[in-house]
Amino acid sequence: MQLDFRDHGPAHAELGRLVRSAWSLDYGGGAQRLEGLIAPDCQVEFVFQLGDPCRLSDGASGQITPRAMLYGLRHGTLQMVPNGANRMVSFRVAPAVAAAIVRAPLADCWDRPIALSELIGSEADRLLDRLASAPRDAIGNVIETWLLSRLTDWSAEDARQCALQDVLLSRFAGQRLSVLTDELGISPRTLRRDCERSAGLSPKQLVMSGRMLRGCVLLRDRPDLPIADIADRLGFNDQPAFANAFRHYVGMTPAALRAEPLVYCALP
(Lines of atoms letter the chains of each structure in order from A and count residues from 1; the text may use other names and numbers.)
(Lines give C-alpha, C1' and ligand atoms only; values in the text may rest on other atoms or scores of the structure.)
Protein backbone atom coordinates (compact mmCIF):
# COMPACT_ATOMS: atom_id res chain seq x y z
CA MET A 1 0.00 0.00 0.00
CA GLN A 2 1.39 3.41 -0.99
CA LEU A 3 1.17 5.93 1.85
CA ASP A 4 2.50 9.47 1.78
CA PHE A 5 2.84 10.97 5.26
CA ARG A 6 4.03 14.53 5.91
CA ASP A 7 4.53 16.57 9.05
CA HIS A 8 3.08 20.10 9.24
CA GLY A 9 4.22 21.33 12.64
CA PRO A 10 3.45 25.02 13.19
CA ALA A 11 6.21 27.57 12.69
CA HIS A 12 4.57 29.98 15.16
CA ALA A 13 6.35 29.56 18.51
CA GLU A 14 3.27 29.78 20.75
CA LEU A 15 1.26 27.40 18.56
CA GLY A 16 4.20 25.03 18.63
CA ARG A 17 3.70 24.73 22.38
CA LEU A 18 -0.04 24.10 22.04
CA VAL A 19 -0.21 21.76 19.04
CA ARG A 20 1.03 18.25 19.87
CA SER A 21 1.29 17.23 16.21
CA ALA A 22 0.04 18.26 12.76
CA TRP A 23 0.25 16.04 9.69
CA SER A 24 -1.27 14.95 6.42
CA LEU A 25 -1.60 11.49 4.91
CA ASP A 26 -2.38 10.53 1.32
CA TYR A 27 -3.48 7.02 0.35
CA GLY A 28 -4.97 5.52 -2.80
CA GLY A 29 -8.29 3.87 -3.46
CA GLY A 30 -6.82 0.37 -3.25
CA ALA A 31 -5.89 0.67 0.42
CA GLN A 32 -7.73 -1.90 2.56
CA ARG A 33 -6.57 -0.96 6.05
CA LEU A 34 -4.12 1.50 7.57
CA GLU A 35 -1.63 -0.31 9.76
CA GLY A 36 -1.51 0.41 13.46
CA LEU A 37 -3.79 0.51 16.47
CA ILE A 38 -4.77 3.91 17.90
CA ALA A 39 -4.63 3.78 21.71
CA PRO A 40 -6.72 6.06 23.95
CA ASP A 41 -4.64 9.15 24.82
CA CYS A 42 -7.25 11.64 26.12
CA GLN A 43 -6.09 14.21 23.57
CA VAL A 44 -8.33 15.77 20.91
CA GLU A 45 -7.73 15.24 17.21
CA PHE A 46 -9.13 17.64 14.60
CA VAL A 47 -9.39 15.67 11.34
CA PHE A 48 -10.17 16.93 7.83
CA GLN A 49 -10.71 14.51 4.94
CA LEU A 50 -10.32 15.87 1.43
CA GLY A 51 -11.23 12.65 -0.40
CA ASP A 52 -13.47 9.73 0.52
CA PRO A 53 -13.90 9.75 4.33
CA CYS A 54 -12.51 6.71 6.12
CA ARG A 55 -14.24 4.41 8.55
CA LEU A 56 -13.19 4.15 12.18
CA SER A 57 -13.26 0.57 13.42
CA ASP A 58 -13.27 -0.46 17.07
CA GLY A 59 -12.85 -4.11 16.10
CA ALA A 60 -16.55 -4.85 16.25
CA SER A 61 -18.07 -2.21 13.99
CA GLY A 62 -17.05 0.66 11.76
CA GLN A 63 -18.69 3.92 10.82
CA ILE A 64 -18.11 6.45 8.06
CA THR A 65 -16.70 9.60 9.60
CA PRO A 66 -17.51 13.28 8.92
CA ARG A 67 -15.25 15.12 6.46
CA ALA A 68 -14.36 17.61 9.20
CA MET A 69 -14.47 16.17 12.69
CA LEU A 70 -13.23 16.31 16.23
CA TYR A 71 -12.32 13.05 17.97
CA GLY A 72 -11.11 12.46 21.51
CA LEU A 73 -10.44 8.85 22.51
CA ARG A 74 -10.63 7.74 26.16
CA HIS A 75 -11.93 4.18 25.88
CA GLY A 76 -11.03 1.35 23.54
CA THR A 77 -8.77 1.32 20.50
CA LEU A 78 -9.40 2.29 16.90
CA GLN A 79 -8.16 1.49 13.41
CA MET A 80 -8.66 3.64 10.33
CA VAL A 81 -10.24 1.73 7.45
CA PRO A 82 -10.00 3.41 4.01
CA ASN A 83 -13.17 3.84 1.99
CA GLY A 84 -11.51 5.13 -1.18
CA ALA A 85 -8.69 7.52 -2.05
CA ASN A 86 -8.23 10.22 0.57
CA ARG A 87 -6.03 12.94 1.92
CA MET A 88 -6.33 13.30 5.69
CA VAL A 89 -5.16 16.45 7.44
CA SER A 90 -5.03 16.42 11.23
CA PHE A 91 -3.72 18.16 14.29
CA ARG A 92 -3.79 17.06 17.93
CA VAL A 93 -4.20 19.29 20.99
CA ALA A 94 -4.90 18.98 24.71
CA PRO A 95 -8.56 19.13 25.85
CA ALA A 96 -8.15 22.66 27.23
CA VAL A 97 -6.80 23.87 23.88
CA ALA A 98 -9.61 22.11 21.98
CA ALA A 99 -12.21 23.79 24.22
CA ALA A 100 -10.61 27.17 23.49
CA ILE A 101 -10.59 26.46 19.73
CA VAL A 102 -14.28 25.51 19.55
CA ARG A 103 -15.11 28.07 22.28
CA ALA A 104 -17.27 25.58 24.16
CA PRO A 105 -16.85 22.88 26.83
CA LEU A 106 -16.08 19.37 25.60
CA ALA A 107 -18.97 17.71 27.44
CA ASP A 108 -20.22 14.64 25.54
CA CYS A 109 -17.43 14.98 22.97
CA TRP A 110 -15.46 11.85 23.87
CA ASP A 111 -15.19 8.44 22.22
CA ARG A 112 -17.20 9.32 19.12
CA PRO A 113 -16.59 11.41 16.00
CA ILE A 114 -18.20 14.84 16.24
CA ALA A 115 -18.83 16.81 13.05
CA LEU A 116 -16.91 20.05 13.49
CA SER A 117 -19.85 21.93 11.97
CA GLU A 118 -21.92 20.98 15.04
CA LEU A 119 -19.49 23.02 17.14
CA ILE A 120 -18.43 25.94 14.93
CA GLY A 121 -21.07 25.98 12.17
CA SER A 122 -20.26 26.78 8.55
CA GLU A 123 -16.71 27.83 9.44
CA ALA A 124 -15.83 24.13 9.41
CA ASP A 125 -16.83 23.83 5.74
CA ARG A 126 -14.92 26.98 4.81
CA LEU A 127 -11.77 25.61 6.44
CA LEU A 128 -12.25 22.30 4.65
CA ASP A 129 -12.50 24.17 1.33
CA ARG A 130 -9.30 26.13 2.06
CA LEU A 131 -7.43 22.93 2.87
CA ALA A 132 -8.74 21.25 -0.29
CA SER A 133 -7.61 24.12 -2.53
CA ALA A 134 -4.21 24.64 -0.88
CA PRO A 135 -1.02 23.08 -2.27
CA ARG A 136 0.15 20.37 0.08
CA ASP A 137 3.20 22.38 1.14
CA ALA A 138 0.84 25.16 2.29
CA ILE A 139 -1.37 22.98 4.49
CA GLY A 140 0.59 23.89 7.63
CA ASN A 141 0.10 27.60 6.91
CA VAL A 142 -3.66 27.12 6.48
CA ILE A 143 -3.92 25.30 9.81
CA GLU A 144 -1.73 27.87 11.57
CA THR A 145 -3.70 30.86 10.23
CA TRP A 146 -6.99 29.29 11.28
CA LEU A 147 -5.77 28.38 14.76
CA LEU A 148 -4.44 31.88 15.36
CA SER A 149 -7.86 33.28 14.41
CA ARG A 150 -9.64 30.89 16.79
CA LEU A 151 -7.25 31.46 19.70
CA THR A 152 -7.22 35.26 19.74
CA ASP A 153 -8.68 35.19 23.26
CA TRP A 154 -6.16 32.63 24.61
CA SER A 155 -5.40 33.79 28.14
CA ALA A 156 -3.24 33.03 31.14
CA GLU A 157 -6.24 31.15 32.57
CA ASP A 158 -6.39 28.94 29.46
CA ALA A 159 -2.66 28.24 29.84
CA ARG A 160 -3.23 27.36 33.51
CA GLN A 161 -5.97 24.89 32.57
CA CYS A 162 -3.69 23.31 29.97
CA ALA A 163 -0.85 22.94 32.48
CA LEU A 164 -3.25 21.49 35.06
CA GLN A 165 -4.47 18.85 32.62
CA ASP A 166 -0.88 17.92 31.75
CA VAL A 167 -0.14 17.36 35.44
CA LEU A 168 -3.21 15.16 35.90
CA LEU A 169 -2.46 13.14 32.77
CA SER A 170 1.29 12.74 33.13
CA ARG A 171 2.26 12.96 36.80
CA PHE A 172 -0.41 11.38 38.97
CA ALA A 173 -0.64 7.68 39.66
CA GLY A 174 -2.04 6.40 42.95
CA GLN A 175 -1.76 9.68 44.85
CA ARG A 176 -4.78 11.39 46.29
CA LEU A 177 -5.96 14.47 44.42
CA SER A 178 -5.70 16.38 47.69
CA VAL A 179 -1.93 16.38 47.07
CA LEU A 180 -2.52 18.54 43.99
CA THR A 181 -5.20 20.78 45.49
CA ASP A 182 -2.97 21.45 48.50
CA GLU A 183 -0.03 22.21 46.21
CA LEU A 184 -2.10 24.62 44.11
CA GLY A 185 -3.96 26.15 47.02
CA ILE A 186 -7.40 25.40 45.56
CA SER A 187 -10.36 23.42 46.80
CA PRO A 188 -11.41 20.02 45.38
CA ARG A 189 -14.60 21.67 44.15
CA THR A 190 -12.61 24.27 42.20
CA LEU A 191 -10.42 21.57 40.66
CA ARG A 192 -13.46 19.58 39.58
CA ARG A 193 -15.19 22.65 38.15
CA ASP A 194 -12.08 23.66 36.18
CA CYS A 195 -11.63 20.17 34.70
CA GLU A 196 -15.28 19.77 33.75
CA ARG A 197 -15.38 23.22 32.15
CA SER A 198 -12.26 22.81 30.02
CA ALA A 199 -12.23 19.05 29.36
CA GLY A 200 -15.74 17.78 30.04
CA LEU A 201 -14.13 15.30 32.46
CA SER A 202 -13.63 14.99 36.20
CA PRO A 203 -10.12 15.13 37.71
CA LYS A 204 -10.31 11.39 38.47
CA GLN A 205 -11.22 10.63 34.87
CA LEU A 206 -8.23 12.63 33.63
CA VAL A 207 -5.90 10.86 36.08
CA MET A 208 -7.11 7.40 35.07
CA SER A 209 -6.81 8.27 31.38
CA GLY A 210 -3.23 9.36 32.01
CA ARG A 211 -2.42 6.12 33.82
CA MET A 212 -3.82 4.06 30.95
CA LEU A 213 -1.90 6.11 28.38
CA ARG A 214 1.37 5.70 30.27
CA GLY A 215 0.61 1.99 30.51
CA CYS A 216 0.19 1.79 26.73
CA VAL A 217 3.46 3.65 26.16
CA LEU A 218 5.39 1.41 28.57
CA LEU A 219 3.91 -1.77 27.07
CA ARG A 220 4.90 -0.60 23.59
CA ASP A 221 8.32 0.88 24.33
CA ARG A 222 9.57 -1.44 27.10
CA PRO A 223 8.99 -5.06 26.03
CA ASP A 224 11.54 -6.09 28.67
CA LEU A 225 9.58 -4.55 31.56
CA PRO A 226 7.36 -7.03 33.46
CA ILE A 227 3.69 -6.09 33.52
CA ALA A 228 3.78 -6.28 37.32
CA ASP A 229 6.43 -3.54 37.32
CA ILE A 230 4.30 -1.39 35.02
CA ALA A 231 1.36 -1.84 37.40
CA ASP A 232 3.55 -0.71 40.29
CA ARG A 233 4.82 2.35 38.41
CA LEU A 234 1.26 3.39 37.70
CA GLY A 235 0.19 3.11 41.33
CA PHE A 236 -1.90 -0.08 41.17
CA ASN A 237 -1.87 -2.44 44.13
CA ASP A 238 -0.99 -5.44 41.97
CA GLN A 239 -0.93 -6.74 38.42
CA PRO A 240 -4.54 -8.06 38.42
CA ALA A 241 -5.86 -4.63 39.47
CA PHE A 242 -3.96 -3.01 36.59
CA ALA A 243 -5.09 -5.69 34.13
CA ASN A 244 -8.75 -5.24 35.10
CA ALA A 245 -8.58 -1.44 34.74
CA PHE A 246 -6.66 -1.74 31.47
CA ARG A 247 -9.20 -4.16 30.02
CA HIS A 248 -12.04 -1.80 31.01
CA TYR A 249 -10.46 1.32 29.48
CA VAL A 250 -8.49 -0.08 26.55
CA GLY A 251 -10.63 -3.09 25.68
CA MET A 252 -7.87 -5.70 25.77
CA THR A 253 -5.36 -7.15 28.19
CA PRO A 254 -1.93 -5.53 28.67
CA ALA A 255 -0.33 -8.62 27.09
CA ALA A 256 -2.57 -8.35 24.03
CA LEU A 257 -1.64 -4.71 23.46
CA ARG A 258 2.05 -5.52 23.91
CA ALA A 259 1.70 -8.15 21.16
CA GLU A 260 0.36 -5.61 18.64
CA PRO A 261 3.00 -4.84 15.97
CA LEU A 262 2.22 -1.10 15.81
CA VAL A 263 0.49 1.04 18.46
CA TYR A 264 -0.01 4.79 18.14
CA CYS A 265 0.20 6.57 21.48
CA ALA A 266 2.19 9.53 22.75
CA LEU A 267 2.56 11.23 26.10
CA PRO A 268 1.44 14.89 26.34
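Heads up, the sequence shown is in the numbering used here, so the first residue is -15 and it goes up one at a time.
For glycine and all other residues, C-beta sits at the position ideal for the given N, C-alpha and C.
Out of Arg217, Asn70, Gln47 and Ser117, state which residue places its alpha-carbon closest to the alpha-carbon of Gln159. Arg217
Report the start-end ranges of each alpha helix (DSSP H) in the region 126 to 170 that is 4 residues or longer and not cut off at the edges. 140 to 154 and 162 to 168
Pull the bridge partners of Phe30 from the DSSP assignment, please. Leu54 and Phe75
Residue range of the unbroken alpha helix (DSSP H) whose run includes Ser5: Looking at the DSSP string, Ser5 is not in any alpha helix (DSSP H); the run it does join, the beta strand (DSSP E), is Val3 to Tyr11.
Identity of the residue in Leu197, Ala82 and Arg177 nearest Phe156 by Cα: Leu197
Could you tell me which residues DSSP pairs with Gln47 in its beta bridges? Leu40
Within the same chain, show all residues whose beta-carbon is closer than 7 Å to that of Ala88, passing over the 5 residues directly before and after it, in chain order. Leu103
Supposed contact pair Leu190 and Cys179 - C-beta distance, whole angstroms, cut 8 Å: 6 Å
Between Val77 and Phe30, what straight-line distance do the alpha-carbon atoms span, to the nearest angstrom? 8 Å
If you drop the 5 nearest sequence neighbours on each side, which residues of the same chain put their C-beta closer than 6 Å to that of Gly20? Leu246 and Tyr248
I need the straight-line Cα distance from Arg176 to Ser101, nearest angstrom please. 28 Å
In the DSSP assignment, what are the bridge partners of Met236? According to DSSP, which records beta bridges pairwise, Met236 is partnered with nothing at all.
Quick one: using the 10 Å Cβ neighbour count with 16 as the cut-off for buried, is Glu128 buried or exposed? buried
Please check the pair Pro79 and Gln(-14), which I expect to be a contact at CB under 8 Å, by giving their CB distance rounded to whole angstroms. Rounded, the Cβ-Cβ distance is 34 Å, inconsistent with contact.
With distance defined between alpha-carbon atoms, name the residue in Asp36, Gly184 and Arg144 nearest to Ala83. Gly184
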